[in-house]
Amino acid sequence: MDIVFLGTSSMVPTKERNHSSVFLKYQGEGILFDCGEGTQRQLKIAGVSPTEVTKLFISHWHGDHVLGIPGLIQTLAGSNYTKELEIYGPAGTKRRMEAMFEVFVFDKKIAMKAHDVKEGVIFKNAQYAVVAARLEHGIACLGYLFKEEDRRRMIVKELKKRGIPQGPLWGKLQRGETVIFNGGKIPPDEVSNIVEGKTVAYVVDTKPCRAAVELAKNADLLICEATYADELEEKGGEYSHMTASQASDLGRRAGVKRLILTHFSQRYKTTALLKEEAQKTFPGAECAYDFMKVRV
Numbered sequence: 167m168d169i170v171f172l173g174t175s176s177m178v179p180t181k182e183r184n185h186s187s188v189f190l191k192y193q194g195e196g197i198l199f200d201c202g203e204g205t206q207r208q209l210k211i212a213g214v215s216p217t218e219v220t221k222l223f224i225s226h227w228h229g230d231h232v233l234g235i236p237g238l239i240q241t242l243a244g245s246n247y248t249k250e251l252e253i254y255g256p257a258g259t260k261r262r263m264e265a266m267f268e269v270f271v272f273d274k275k276i277a278m279k280a281h282d283v284k285e286g287v288i289f290k291n292a293q294y295a296v297v298a299a300r301l302e303h304g305i306a307c308l309g310y311l312f313k314e315e316d317r318r319r320m321i322v323k324e325l326k327k328r329g330i331p332q333g334p335l336w337g338k339l340q341r342g343e344t345v346i347f348n349g350g351k352i353p354p355d356e357v358s359n360i361v362e363g364k365t366v367a368y369v370v371d372t373k374p375c376r377a378a379v380e381l382a383k384n385a386d387l388l389i390c391e392a393t394y395a396d397e398l399e400e401k402g403g404e405y406s407h408m409t410a411s412q413a414s415d416l417g418r419r420a421g422v423k424r425l426i427l428t429h430f431s432q433r434y435k436t437t438a439l440l441k442e443e444a445q446k447t448f449p450g451a452e453c454a455y456d457f458m459k460v461r462v
């Protein structure tokens with residue numbers, strides 16, 4: 167899966183950092199986590215066609231995470247968007263999306279469906295699932311976990327050794343079924359192995375909480391907010407945000423493999439201090455920047 171950071175600022179954008187949004191591309195799906203102001207333009211600068219977006223997962227309804235939705239919809243409508251845009255968010259999302267069409271006049275409409283979601287698995291198909299967890303931010307706020315399904319990888323050398331012809335038998339083995347060949351049973355585990363699916367956790371706008379740790383447990387990548395440096399920990403607690411040190415401690419406790427910080431306060435002209443403080447607890451911690459690309 168490929169990930170592009172479209173916006174890494176917090177409440178106020180800067181010349182270098184746009185409002186929050188992360189794009190994840192996986193097997194023909196284009197998934198946005200949040201859609202801050204200017205996201206449609208950020209997509210184009212990143213070389214991503216807005217029409218690639220198929221799903222939007224909203225963490226919460228503060229403006230810096232959703233002000234880009236009307237613009238995205240207008241762009242999709244003007245681009246002959248032929249898919250159905252699925253929108254997921256905390257309680258009230260469906261009502262707010264309906265109200266958006268009363269506030270703005272759209273010349274064209276697109277097919278879309280809004281979902282109010284709670285905790286647990288909120289979407290699942292044969293390729294992946296998305297899990298939501300309730301975070302602590304003063305208003306309804308969700309963190310998300312994208313989980314690729316485990317898949318079976320065929321051992322081609324073993325299949326050829328046994329003379330099993332490529333075709334329906336390979337398909338059954340791929341699905342985990344035992345097959346009969348040359349009068350004998352061949353269990354799938356003898357000619358294939360399980361490849362564990364990758365996981366990406368998205369945690370923004372929350373104070374440190376147990377739900378965030380559980381959501382990110384053993385994730386291949388945790389994308390986590392780090393709004394403030396340590397000296398503003400008290401301010402972070404007041405506004406339900408994390409410092410870089412708290413974010414790195416969350417990553418350490420969750421046992422994540424990679425930690426990338428985002429959602430930085432406008433007061434920081436560079437992220438050098440935040441990175442330095444985070445790496446005291448999580449040595450490999452990174453700070454995202456707009457248009458940063460990551461492959462998981």
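Quick note: the sequence shown uses this note's numbering, first residue 167, plus one each step. Don't be surprised by glycine CBs; every beta carbon is placed ideally from N, CA and C.
Item                                                                                                                              : Value
CB of Ala385 within 7 Å of CB of Ser414, strictly                                                                                 : no
CA-to-CA distance, Ala378 to Glu285, given in whole angstroms                                                                     : 12 Å
Contacts around Met263, its chain only, beta-carbon distance under 7 Å, and the 5 residues preceding and following it disregarded : Ile253, Ala280
Outcome for Ser215 when other beta-carbon atoms lying within 10 angstroms are tallied against a minimum of 16                     : exposed
Cβ neighbours of Gly350 in the same chain (closer than 6 Å, five flanking residues each side left out)                            : none
Cβ pair Asp316, Glu250 closer than 7 Å                                                                                            : no
For Asn359, the residue or residues it bridges with in DSSP                                                                       : Arg319
Contact belief for Lys221 with Ala243 at Cβ below 8 Å, rounded distance in angstroms                                              : Lys221 to Ala243, Cβ: 17 Å. No contact.
Option nearest Lys210 by Cα separation, candidates Asp230, Val170, Val460, Gly421                                                 : Val170
Nonlocal neighbours in the same chain, by C-beta distance under 7 Å from Arg418, ignoring five residues either side               : Thr447, Phe448
Three-state class that DSSP yields for Ala377 in the structure shown                                                              : helix
Stretch pair the region 305-316 + the region 366-373: three plus CB contacts closer than 8 Å                                      : yes
Cβ separation of Lys260 and Asp282, assumed to be a contact under 8 Å, to the nearest whole Å                                     : 5 Å
Cβ contact check for the region 334-346 and the region 200-209: 3 or more pairs under 8 Å                                         : no
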